[in-house]
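Reading through the structure tokens given below for one structure.
Numbering (our numbering), first residue to last: 18 to 319.
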């Protein structure tokens, strides 16, 4: 039996070549990491900084503490002031600090958001200095005024975290509202978990039936009391097909599905179950928590 040595030899040469290239890349990466570490340690020493090292490799020091401040969570909206500099003190980027226009973003958990590599180590209302190795700050990509593989400094002087869920809980506590049921829902628009607070105001007399059409009277308002929509005082009612494909916001539809004929209820839910981060026209701003007072006044066949 003849053994074809050429293909075997070629494969062996290719394997050795690839292994050599991969080893070289790994070695270069290790060198860059070590160079970053040396630069960072020299900088920390020269600036006489007292820092901690986070699990992801970022160095940080809290320059103004607020131990009671909130820690950022998935789904929060964050506003902050920052200055990013090279380690030779050349400023690269910053928020509009003089105009007091903080940079704002929605925490969707993106691993490309540089601030999400720092904010887990500080609380709302704190100020901090961070030193990031290049692996956390663009890696081998070059930016204007920032060569590739460069560590950077970021000073964060203001952090404001807005959580709709926390704001709703505060509103409910302040107004001494007794929540009948708190329903966990995955937002159909953001994919994040929100909660529908269902408050039964008046008991209903009969269960609803799938396929029946419910006639609803409702008022929609914001947390500040502003009424953005209502059919109270009008002759028409909102028709809702039980179990059907109704074009209603998720929180409203879920709440109605829990009602009985003759029941009155209030629904409170975050914008993820409502009009989201875009809002609805001029009447409902972006990221608006919604409150609906609803009565099921009739139930009929289609």
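C-beta: ideal position from N, C-alpha, C; glycine also. Note that the coordinates shown come from a computational prediction; the quantities given were computed from them, not determined experimentally.
For residue i, tell me which candidate among the options has the shortest Cα-Cα distance.
i, options, result
"residue 209", "125, 54 and 221", "125"
"residue 100", "109, 115, 93 and 94", "109"
"residue 234", "226, 220, 246 and 254", "254"
"residue 229", "215, 239, 262 and 244", "262"
"residue 78", "220, 84, 86 and 69", "69"
"residue 312", "300, 269, 292 and 301", "269"
"residue 59", "168, 173 and 257", "168"
"residue 67", "239, 145 and 223", "145"
"residue 130", "179, 187, 152 and 204", "152"
"residue 165", "49, 291 and 315", "49"
"residue 72", "134, 82 and 95", "134"
"residue 91", "112, 83, 244 and 178", "178"
"residue 294", "194, 180, 276 and 197", "180"
"residue 154", "196, 132 and 65", "132"
"residue 171", "103, 96, 163 and 188", "103"
"residue 203", "271, 222, 117 and 45", "271"
On the premise that residue j lies in contact with residue i, defined as a C-beta separation below 8 Å, what is that separation, rounded to the nearest angstrom?
i, j, result
"residue 75", "residue 122", "Actually they are not in contact, since the Cβ atoms of residue 75 and residue 122 sit about 18 Å apart, beyond 8 Å."
"residue 175", "residue 137", "Not a contact, Cβ separation roughly 17 Å."
"residue 283", "residue 259", "Residue 283 to residue 259, Cβ: 20 Å. No contact."
"residue 290", "residue 266", "7 Å"
"residue 194", "residue 173", "Not a contact, Cβ separation roughly 36 Å."
Under the rule that 16 or more other beta-carbon atoms within 10 Å means buried, what is residue i, buried or exposed?
i, result
"residue 317", "exposed"
"residue 218", "exposed"
"residue 106", "exposed"
"residue 29", "At residue 29, the pLDDT of 45 sits below 50, so the modelled position is not reliable; the number obtained from the coordinates is stated separately. Classification of residue 29: exposed, given that the 10 Å Cβ count is below 16."
"residue 39", "Low per-residue confidence applies at residue 39: pLDDT is 49, beneath 50, and the placement is therefore not dependable enough to give any value."
"residue 242", "exposed"
"residue 115", "exposed"
"residue 264", "exposed"
"residue 251", "exposed"
"residue 214", "buried"
"residue 280", "buried"
"residue 93", "buried"
"residue 308", "buried"
"residue 306", "buried"
Using a Cβ-based criterion (distance less than 6 Å to any ligand heavy atom), does residue i qualify as near the ligand FAD?
i, result
"residue 74", "Judged by which ligands are present, the structure shown has none, so any question about the ligand FAD falls away."
Would you mind reading off the limits of the alpha helix (DSSP H) that contains residue i?
i, result
"residue 185", "181 to 191"
"residue 270", "267 to 273"
Terminal residues of the continuous beta strand (DSSP E) containing residue i?
i, result
"residue 256", "255 to 258"
"residue 320", "Residue 320 is absent from the model: the chain starts at 18 and stops at 319."
"residue 313", "307 to 317"
"residue 123", "120 to 123"
"residue 211", "210 to 219"
Hey, residue i and residue j: beta-carbon distance below 7 Å or not?
i, j, result
"residue 248", "residue 150", "no"
"residue 211", "residue 287", "yes"
"residue 87", "residue 143", "no"
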